[in-house]
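One structure is given here, and the rest of the page talks about it.
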Amino acid sequence: MISRRDFLQVSMAASALYGASGFGNWAKLAAQQALTQDQLLEFDTFGNVTLIHVTDIHAQTKPIYFREPEINIGVGDNKGAVPHITGAEFRRLYGIEDGSPSHYALTYNDFASLAQEYGRVGGLDRVATVINAIRADRPDALLLDGGDTWHGSYTCYHTEGQDMVNVMNALKPDAMTFHWEFTLGQDRVRELVEGLPYAALGQNIFDAMWDEPAAEFPPYEMFERGGTKIAVIGQAFPYMPIANPGWMFPDFSFGIRDENMQSMVDEVRAAGAELVVCLSHNGFDVDKKMAGIVTGIDVILSGHTHDALPEPVLVGDTIIIASGSNGKFVSRVDLDVQNGKMMGFRTKLIPIFSDVIEPDAEVAAVIDEQRAPFEAELTEVIGQTDSLLYRRGNFNGSWDDLICDALLSEREADIAMSPGVRWGPSILPGQDITREDIWNVTSMTYGKAYRTEMTGEFIHTILEDVGDNLFNPDPYYQQGGDMVRIGGMGYSIDVSQPMGSRISDLTLLSTGEPIDPAKTYVVAGWASVNEGTEGPQIWDVVESHIRKQGTVSVSENTSVKVKGV
Amino acid sequence: MDFTRRETMAITAGAVALTVLPFRANAAVDDAINAFTGGADVADGGVDLDAPEIAENGNTVPVTVSAEGATAIMVLAAGNPTPGVATFKFGNLAGSQYASTRIRLAGTQDVIAVAQMADGSFARTSKEVKVTIGGCGG
């Protein structure tokens, strides 16, 4: 039996080889302006099992720009721990040279200028090339999709996820788990899952009425690869009916259910599994906590919180892999499994530099086929931007500032609210904004822009409630996502305080006056989880606003004061 | 701009019942525990209480309790206006000391289970269940 000390030594050896994922090498190559596909894919095949992880693609089939967050605060035990390290500190931690391709791929600084140099990222035709190259090394590699795949674009909305199912089928995954897929509605999810040629997993997807495992979603699938029995256990997003509209999938219940996870691990071990992989949509901090509670999981492939980490995080004997979002990265995880034990690993987070990696012609054709019926609508130019438009960040992003501006002016509101989701690509200064771009940051099945009245006290309640979903020191009480974005109002937040005491200094920006708890304000927002919400679709509101502006400019948002970091 | 009263109601319904602060345990909880235990000492642990960390629907929260060798298990929702939920009694012929039900929670609060063991001793455990407005998953 391998001891913890041996295990660490094995992993240190792996780190020395690949833990830094060739970062120093890349920086040199960048200096030479000679980044090539071969170098991105360079990997000494290791052990006897290979896993390929993609997650949180959010229906981004084409290359995009995607800026990583500047503000990503960790609380409790995760204060100052990855993935809550950003920018220069992140680069120092992993030995990434400033201005290098990894700087561009993994951190936010100088994003617009580095984007000019290194170009777009992602594109599932490029992802296909990477997957094919890994399969050339290891033909029986397992391809695992962490979910949030059938959501997030114009074509995905209009085909109710069919475009993504068709494209993913061309990539031939072995298993998948779920989150936003359920917002297609339970009937559509059942229909798509029924036709999937691969496993649809979720040990925590339960029948809501009987509180029993849901028949449509098996907890795990057993594979035999390289003479090794591998169990892949699915873990869907635990808080779907809370973070998303539960009325769209009333037959299902979720939750973390770590006791059932332990039972499943014990069950697959008893059935002879030599390697136990959890394909998770928990979010990174929840996965870290779960890894400390559930014993016997070798690898957690982590999704939901969109973190991209160049090295695995080790919790006990479990390694956690975080593979980013929006098609920007593919993780390759090579494992040495001997006598029912994981003896070592070698991993690489492969950034999909679209201009460097050759598109796979077959998958490119499938993608274009899905887009063809909508090409005119997708490519229509609505306006231009002077500013970098991005979404990621705990408190605001310039895309959300623009959406809030659109809500304030188009819906004639005092205050605007935009959900703190983490999906949606970036747009560079000087770029056209097409209809597709707007849908990439707004598309959802409950996107109606409501207009309502709320008291100051209720607005405060909402901010405290969402704040606790993000900054509760116990990850099991966090839902992932970011703070609700606010337009027309400023506030202070002390992230170190308990719920009810974090939010203060609510100020109406138009007058500079404090928000009166007893007074009523007109609030416009979108993505309400309540059934029967009425209003125009948010993408129409944003399109109308951008058309009127012609060229949009978003100034720096200083209306949220953060304390207690 | 036009918006109807009906729209407003649809959006805010369901959320207005919530308050910011977790409901605190009140004197009625101590009274109920004292009545159950007769004032005897209560050890921490020894009872399994399974409830979600965050309720999917505060109106019907699944709760499971078990304690090997218990003769009775009392369940309390510490923050409800009436904390008492149920007391499950297990006779000599009970195959297991296990009960499962669904309860309504007025807001974020502790759910408490107190078990009376066959030897007359008592044990308790509690778990915080969060009831949230939700709506912003990544």
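Protein chains in written order, with our numbering: chain R, 1 to 565; chain H, 1001 to 1138. All residues carry an ideal CB built from backbone N, CA and C; glycine is no exception.
- From the listed residues R:A133, R:L192, R:P310, R:P213, the smallest Cα separation to T45 of chain R is found for R:A133.
- Close to T1132 of chain H, with beta-carbon spacing below 7 Å, are these residues of chain R in chain order: I242, D465, N469.
- Note on W210 of chain R: under 16 other CB atoms within 10 angstroms of its CB, so exposed under the neighbour-count rule.
- Chain R places a beta carbon closer than 9 Å to that of D1050 of chain H, counting this residue as a contact.
- Taking C-alpha positions only, R257 of chain R is separated from H179 of chain R by approximately 16 Å.
- Of the other Cβ atoms in all chains shown, 16 or more fall within 10 Å of the Cβ of K448 of chain R; this residue is therefore buried.
- Residue environment: N339 of chain R is assigned as exposed (fewer than 16 neighbouring CB atoms within 10 Å of its CB, all protein chains considered).
- For P1062 of chain H, the C-beta contacts it makes with chain R under 7 Å involve D211, in order along the chain.
- Scanning its chain for C-beta atoms nearer than 7 Å, with the 5 sequence neighbours on each side dropped, one finds around M168 of chain R the residues D145, T149, in chain order.
- Counting only the Cα atoms, N469 of chain R lies some 24 Å from E453 of chain R.
- With distances taken between CA atoms, R346 of chain R lies nearest to R:V337 out of R:P475, R:V337, R:A291, R:I352.
- The segment 490 to 505 of chain R makes no contact with the segment 84 to 99 of chain R, as fewer than three CB pairs between them are under 8 Å.
- Closer than 8 Å at the C-beta level to chain H, one finds these residues of the segment 249 to 263 of chain R: S253, F254, G255, I256, E259.
- Residues of the segment 446 to 465 of chain R with a Cβ closer than 8 Å to any Cβ of chain H, in chain order: Y450, R451, T452, E453, M454, F458, H460, T461, I462, E464, D465.
- Against Y477 of chain R, the close residues of chain H are E1053, I1054, K1130, in the order they occur along the chain (beta-carbon pairs closer than 7 Å).
- DSSP places K172 of chain R in the coil class of the three-state scheme, outside both helix and strand.
- Classified as exposed, S113 of chain R has fewer than 16 neighbouring CB atoms from the shown chains inside 10 Å of its CB.
- Note on geometry: alpha-carbon atoms of Q537 of chain R and G123 of chain R lie some 27 Å from one another.
- Secondary structure note for Y94 of chain R: its alpha helix (DSSP H) is the uninterrupted segment 87 to 94.
- Taking all protein chains shown into account, T107 of chain R has 16 or more neighbouring C-beta atoms within 10 Å of its C-beta and is therefore buried.
- Per DSSP, E160 of chain R lies in no alpha helix (DSSP H) segment and is marked neither H nor E.
- With a contact defined as Cβ atoms closer than 8 Å, A175 of chain R and Y198 of chain R qualify at about 6 Å.
- Proximity of M499 of chain R to chain H, defined by a Cβ-Cβ separation below 9 Å, is satisfied.
- Closest by C-alpha distance to G95 of chain R, out of R:G147, R:P218, R:R138, R:L309, is R:L309.
- At the C-beta level, V1063 of chain H and T1101 of chain H come within 9 Å of one another.
- Flagged as an interface residue toward chain R: S1100 of chain H, by a C-beta distance shorter than 9 Å.
- Its Cα nearest to that of D432 of chain R, the residue R:G383 stands out among R:G383, R:A527, R:N394.
- Residue range 275 to 280 is occupied by the beta strand (DSSP E) that includes S280 of chain R.
- Nearest Cα to E221 of chain R within the set R:E181, R:M264, R:G255: R:M264.
- In this structure, the CA atom of S302 of chain R is about 7 Å from the CA atom of S323 of chain R.
- Beta-carbon to beta-carbon, Y521 of chain R and G456 of chain R are separated by about 7 Å, close enough to satisfy the 8 Å threshold.
- Secondary structure note for I64 of chain R: it is in no beta strand (DSSP E), with a DSSP letter that is neither H nor E.
- Nearest to S280 of chain R by C-alpha distance, out of R:F223, R:I462, R:I205, R:F329, is R:I205.
- Residue R:F329 holds the alpha-carbon nearest to the alpha-carbon of L349 of chain R among R:V356, R:D360, R:Q549, R:F329.
- Contact check between the segment 237 to 252 of chain R and the segment 52 to 59 of chain R: fewer than three CB pairs, one atom from each, fall below 8 Å, which does not count as touching.
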